[in-house]
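These notes are about the structure you will find just below.
See below:
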């Protein structure tokens, strides 16, 4: 079956620190992979995505590379800002899923201090 | 273009009461979804609808019913609320296959925070 495992939070960093949030997955075939972000009091927003092995998704300074050999899609940012404080969700969509169903990890709370 | 809207934003119910959560999207999307979000659990799919007139169960459908009233609207009903249904509920929609939008992207509403006493 399909599942996503994310590193447990919360993660607390100082501004300009390097961020890594680990994500690994289990899926049949080759899924599409996503990172969604949820700011306080809001719904989820797509942050970045990758649809095939070795693809790198990037947006707003965040990056994640689809690693088939390690079934991973870790989120990284070189220098975080206070405004990056949010909950980050890793998700997958199974290949061939015409209904577009997403499977989410549990989420990682990130807090960035000035 | 409001995207995905949900009402109400907050609701408190007593055990056994019923209510309907409303969701609407103005992006002409075919697929719509209802999720619940609980601390430490991520988002879990309750029901989804591939198109007007069709609905299917997700991971946690028990205690809920849905109606896809038309292409725009997808409502979630709790017939007899229980404390275990205290959660934040999110509605989402997805672009139709073959369109110019990214078909893998789901667009989420702002959520409804429900407390059942």
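Protein chains in written order, with the working numbering: chain A, 1 to 114; chain B, 1001 to 1117.
Heads up, the beta-carbon is just placed ideally off N, CA and C, and yes, glycines get one too.
Computed from a predicted structure; not experimentally measured.
Chain B beta carbons: is any one of them nearer than 8 Å to that of residue i?
| i | result |
| --- | --- |
| residue 1 (chain A) | no |
| residue 94 (chain A) | no |
| residue 57 (chain A) | no |
| residue 101 (chain A) | yes |
| residue 29 (chain A) | no |
| residue 73 (chain A) | no |
Using a beta-carbon distance below 8 Å, is residue i in contact with chain A?
| i | result |
| --- | --- |
| residue 1106 (chain B) | yes |
| residue 1008 (chain B) | no |
| residue 1016 (chain B) | no |
Starting from residue i, find everything on chain A with Cβ-Cβ shorter than 8 Å and list it in chain order.
| i | result |
| --- | --- |
| residue 1094 (chain B) | 100 |
| residue 1090 (chain B) | 43, 44 |
Along chain B, which residues have their Cβ under 7 Å away from the Cβ of residue i?
| i | result |
| --- | --- |
| residue 61 (chain A) | The contacting residues do not exist; residue 61 (chain A) stays about 20 Å from chain B at best. |
Label residue i either buried or exposed according to how many other C-beta atoms from any shown protein chain fall within 10 Å of its C-beta, with 16 as the threshold for buried.
| i | result |
| --- | --- |
| residue 1049 (chain B) | buried |
| residue 31 (chain A) | buried |
| residue 1093 (chain B) | buried |
So with CB distances below 7 Å, who are the chain A contacts of residue i?
| i | result |
| --- | --- |
| residue 1110 (chain B) | 42, 43 |
What residues from chain B crowd round residue i, counting only those whose CB sits closer than 8 Å?
| i | result |
| --- | --- |
| residue 106 (chain A) | 1040, 1041, 1042 |
Please tell me whether, using a cut-off of 7 Å, the distance from the CB of residue i to the nearest non-hydrogen atom of the ligand PLP is below it.
| i | result |
| --- | --- |
| residue 55 (chain A) | The model depicted lacks the ligand PLP and carries no ligand whatsoever. |
Say whether chain E places a C-beta atom closer than 8 Å to the C-beta of residue i.
| i | result |
| --- | --- |
| residue 53 (chain A) | The structure shown contains no chain E; its protein chains are A and B. |
Closer than 9 Å, Cβ to Cβ, to anything on chain B: give me those residues from the segment 32-46 of chain A, in chain order.
32, 34, 36, 38, 41, 42, 43, 44, 45, 46
Taking 8 Å as the cut-off, does the segment 17-28 of chain A touch the segment 67-74 of chain A (at least 3 CB pairs, one atom from each stretch)?
yes
Using a beta-carbon distance cut-off of less than 7 Å, what residues from the segment 1030-1064 of chain B approach chain A?
1031, 1040, 1041, 1042, 1043, 1045, 1048, 1050
For the segment 13-24 of chain A, which residues have a beta carbon sitting closer than 8 Å to at least one beta carbon of chain B?
none
Given 8 Å, three or more beta-carbon pairs between the segment 1022-1036 of chain B and the segment 57-72 of chain A:
At 8 Å Cβ cutoff, the stretches do not touch.
Between the segment 105-113 of chain A and the segment 1013-1022 of chain B, can you find at least three pairs of beta-carbon atoms closer than 8 Å?
no
Inter-stretch contact (C-beta, 8 Å, three-pair minimum) for the segment 1103-1112 of chain B and the segment 42-59 of chain A:
Yes, the segment 1103-1112 of chain B touches the segment 42-59 of chain A.
Any contact between the segment 86-95 of chain A and the segment 1081-1089 of chain B? By contact I mean 3 or more CB pairs, one from each, below 8 Å.
no
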